[in-house]
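In what follows, a single structure is set out as structure tokens and then discussed.
Protein chains in written order, with the numbering used here: chain A, 1 to 338; chain B, 1001 to 1319.
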């Protein structure tokens, strides 16, 4: 009995492998190889890697703190101490931009992980595989979320919920065990670190972000559900989780990768926009939204255009790199049939 | 056509449900956050007794569910959208109407510009495929599409107002003035690039079609082939698909453009109403935009079904 089950399992694996071969797919490695053959994609990867490295190692790279003021040296041009000059409060422009990259890094990484990978995978596979009322419910919720005006809703949610959210974080910090863990890890105050802002932004972006990805994954699962290797796997007695994670997940992975890489630019822009409108990351924590808002007034533009141009070109270059890479990924992964 | 009628009916029946859920969610979110309009306007040193009285007058001391019930009753029975807390003695349609009118005309400019430039640019790029210009053109489109409106507006102001002094840096003096050039450009540049990319893709697909080969075989010159046969065939889906997207893009773009340039439109008004906790106004705007979205999407889908028999065949039976 056990042996025949293994036998069938093996056959299922073969069928699945054959299915992939027919579609010309040896998955990850092949996609990566194809991607790296494109010069543009490699340049984009380098730009993005540089950006993320700046974000991750911001405290080491930045010559000054992001909130460090020097009112005797406000609006100064480039110098040895301040390679890109200083702003209205004498804060170092270079350092503030590096720390703004840190904000973008945190928000995009967290949002992609939740709103573009975890939620779409779980909800999309559930909807596609379970069908019935589960499918209908997930679809309806998605439809309603998709028909809401995105940005105005985000502004509204952030504006009204932030104070309550900060309150929760403070309450949580007052709990004995949280305090103990924090002291043990030498963590700074969560409420002061702007944690609530980051968490709220990533939360709302994920809430509105999962719909498109989940729909794609659902339709892919619907197609695969009827294919032979799934029937074979089911016939061999594979459990539902095994079918979902061993057999279906690898096949929807390319969709997830394409969706996530295409979404990165949009997530970054959303955070910047919300912060610009005053409902995102709160000062003194830096964000490109705040930097652009500081650089945009007429008088600043006329006399110190670099305060706008530095963050503006970083944002444009990064979003451009994200989009080019997303395009290349899409080409590489979806054209594997050729 | 029976399947089609059923499909439309089902989509339309879903609209009230969507609006109900959206209105409740919005209602709840606006009232759930701490700070109501009365406390925003009464300031720090208020008379607690008077404060409570005013809150009671507007029903803000009742449970949220009950407030929602009262609101919906007024809306459904009398078409009453409630009262703005910031602008007394004016109806909500009276407040937001003129603002929408400003934004709508600005949006229309951007929209026309987007199509006038975007589609020819895309078709041209498709025809020039394979030349050394090709990757350059595609990258340029993607670059413009990648620049957020928020970055585009101040950059345009920097170039055309602060440095070249050709255009005013902001403000608003009528829709037929030079002050409209920067916002129109800012709102349309991304869209132009987006449409051009889409138009390029569909045109490339059409160029391989048999009827194009037939047209060429007939001895028509290339210009006629492109204009009469290729463009007409490939652009209908572009136009319908993009209208839906553009609506979203224009509303989101308006938030930044109008805030940055001081244009008294609906985008800037949304931002102001949110910070002023003007519940009823926010709710009315969100409901309005949601309705517009759902209807626009339905129209786009319908247009696609009418235009493309292949879509009709699949959507009639299943959905």
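The beta carbon of each residue, even a glycine, is placed where N, CA and C say it ideally should be. Since the structure is predicted, the reported quantities are computational estimates derived from the model, not experimental observations.
Specify the secondary structure class of residue 271 of chain A as computed by DSSP and reduced to three states.
helix
Give the straight-line distance between the Cα atoms of residue 1030 of chain B and residue 77 of chain A, rounded to the nearest whole angstrom.
44 Å
Pick from A:105, A:292, A:122 that is closest to residue 253 of chain A, judged by C-alpha positions:
A:122
Provide the residue span of the alpha helix (DSSP H) that contains residue 215 of chain A, from first to last.
195-225
Among all the DSSP beta bridges, which residues are the ones paired with residue 1091 of chain B?
B:1083
Mapping the DSSP letters down to three states, classify residue 92 of chain A as helix, strand or coil.
strand
What residues in its chain sit with their C-beta under 6 Å from that of residue 1250 of chain B, if we drop five residues either side in the sequence?
1107
According to DSSP, simplified to helix, strand and coil, what is residue 1306 of chain B?
helix
Since residue 1068 of chain B is in the alpha helix (DSSP H), which residue starts that stretch and which ends it?
1064-1078
Should residue 1317 of chain B be flagged as near chain A, meaning a C-beta pair shorter than 9 Å?
Because the pLDDT at residue 1317 of chain B is just 40, under 50, the model does not fix this residue reliably, and the value given afterwards should be weighed accordingly. It does not: the Cβ of residue 1317 of chain B has no partner Cβ on chain A nearer than 9 Å.
Could you compute how far the alpha carbon of residue 247 of chain A sits from the alpha carbon of residue 29 of chain A?
18 Å
For a contact defined as C-beta to C-beta under 8 Å, what are the partners of residue 1251 of chain B on chain A?
149, 151, 152
Note down, in chain order, every chain A residue with its Cβ under 7 Å from the Cβ of residue 1096 of chain B.
Result: empty, since nearest Cβ-Cβ is about 13 Å, beyond 7 Å.
Quick one: give me the first and last residue of the alpha helix (DSSP H) that residue 232 of chain A is part of.
228-235
At a Cβ threshold of 9 Å, is residue 119 of chain A touching chain B?
no
Beta-carbon gap between residue 48 of chain A and residue 255 of chain A smaller than 9 Å:
no
Just to make sure I have the definition right: I need the residues of chain A whose C-beta is within less than 7 Å of the C-beta of residue 1294 of chain B. Which are they?
147
Short-range partners of chain A found in the stretch 1258-1276 of chain B, where Cβ spacing is below 8 Å:
1259, 1260, 1270, 1271, 1274, 1275
Give the secondary structure of residue 1282 of chain B by DSSP, where H, G and I count as helix, E and B as strand, and everything else as coil.
helix
Does the CB of residue 327 of chain A have a neighbour CB from chain B at under 9 Å?
yes
Under 8 Å from any heavy atom of the ligand ZN, does the C-beta of residue 1297 of chain B make it?
The ligand ZN is not among the ligands present in this structure, which contains no ligands whatsoever.
Residue 273 of chain A to residue 171 of chain A, Cα distance in whole Å?
29 Å
Of all the CB atoms in chain A, is at least one closer than 9 Å to the CB of residue 1297 of chain B?
yes
Are the stretch 101-117 of chain A and the stretch 51-61 of chain A in contact at 8 Å, needing three or more beta carbon pairs?
yes
Which listed residue (B:1261, B:1257, B:1204) has its alpha carbon closest to that of residue 1235 of chain B
B:1204
Please list the terminal residues of the continuous alpha helix (DSSP H) segment that includes residue 154 of chain A.
150-174
Exposed unless 16 or more other CB atoms sit within 10 angstroms - verdict on residue 1283 of chain B
buried
Near-chain B residues of the stretch 310-325 of chain A (beta-carbon distance less than 7 Å), N- to C-terminal order:
312, 315, 316, 319, 320, 323, 324
Pick from A:68, A:225, A:86, A:69: whose alpha carbon is nearest that of residue 75 of chain A?
A:86
Could you tell me whether the Cβ atoms of residue 242 of chain A and residue 127 of chain A are closer together than 9 Å?
no
Name the two residues that bound the continuous alpha helix (DSSP H) containing residue 1046 of chain B.
Note, residue 1046 of chain B: premise wrong, no alpha helix (DSSP H); not H, not E.
Quick one: give me the first and last residue of the alpha helix (DSSP H) that residue 1215 of chain B is part of.
1210-1217
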